[in-house]
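> Its first residue numbered 90, the sequence shown is counted upward by one per residue in the numbering used here. Using N, Cα and C, we set each Cβ at its ideal position, and we do this for glycine too. Quick one: structure below, then a few questions.
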Amino acid sequence: QHCLKVREILAGEGWPEEYIRAVQSHGWGICSEVEPVERMENVLYTIDELTGLIAAAALVRPSRSVLDLEVKSVKKKWKDKAFAARVNREVIEKGAARLGMALDEVIKETIAGMRKVAAEIGLQGNL
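See the structure below:
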């Protein structure tokens, strides 16, 4: 429901239209009919599902951290369809294509972004 109610909530708080559209469009084809057009919209569309897969991959590591997680580890988990089964890998692939980026590069950049806020998102683990 958040993709449907976001306009009312964020507009009421004075958020800019570009942010409202970005939040609406991240659920395109799943819970929203708002197609991502701008780069920010496509980035959010792509990484919304990907951050879930990366978080799950980090949490099954001995360190329970994103700080030592590598692209190859995420790609290994990617291939196991039973792992984080609710993560829509097709959305991530479609998003990477919309961004004109290789999947490995999107994973690398997303891990890097998550590392910057590892403590805040509960993925610093025991490192």
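Whose CA, out of Val163, Tyr134, Val95, lies closest to the CA of Ala147?
If we check each option's Cα against that of Ala147, Val163 comes out closest.
> Measuring alpha carbon to alpha carbon, tell me which of Gln90, Pro105, Leu212 ends up nearest Trp117.
Trp117 has its Cα closest to that of Gln90, out of Gln90, Pro105, Leu212.
> Looking at the strands, I want to know which residues DSSP matches up with Ala114.
First, the amino acid is wrong: residue 114 is Ser here, not Ala. None; Ser114 has no bridge partner.
> Run through the DSSP bridge pairs and tell me what Ser154 is partnered with.
Note: Ser154 sits in no beta bridge, so no partner.
> Can you name the start and end residues of the alpha helix (DSSP H) that Met190 belongs to?
Here Met190 belongs to no alpha helix (DSSP H), and DSSP marks it neither H nor E.
> Please classify Lys125 as buried or exposed, where buried requires at least 16 neighbouring CB atoms within 10 angstroms.
One point to set straight first is that residue 125 is Pro, not Lys, in the sequence displayed. By the 10 Å Cβ count, Pro125 comes out buried.
> Return the Cβ separation of Val155 and Arg204 in integer angstroms, given the expectation that the two are a contact with Cβ distance under 8 angstroms.
Their Cβ separation, rounded to whole angstroms, is 6 angstroms, which keeps Val155 and Arg204 in contact under 8 angstroms.
> Is there a C-beta anywhere in chain C that falls below 9 angstroms from the one on Lys166?
Absence of chain C from the displayed structure is noted, only one protein chain being present.
> Check the DSSP bridge columns for Ser162 and list the partner residues they point to.
BP columns for Ser162 are empty, so no partner.
> Would you call the CB atoms of Ala207 and Val195 closer than 9 angstroms?
No, they are not a contact pair.
> Have a look at Ala171 and Glu138 and give me their C-alpha separation to the nearest angstrom.
When rounded, the distance between both Cα atoms is 15 angstroms.
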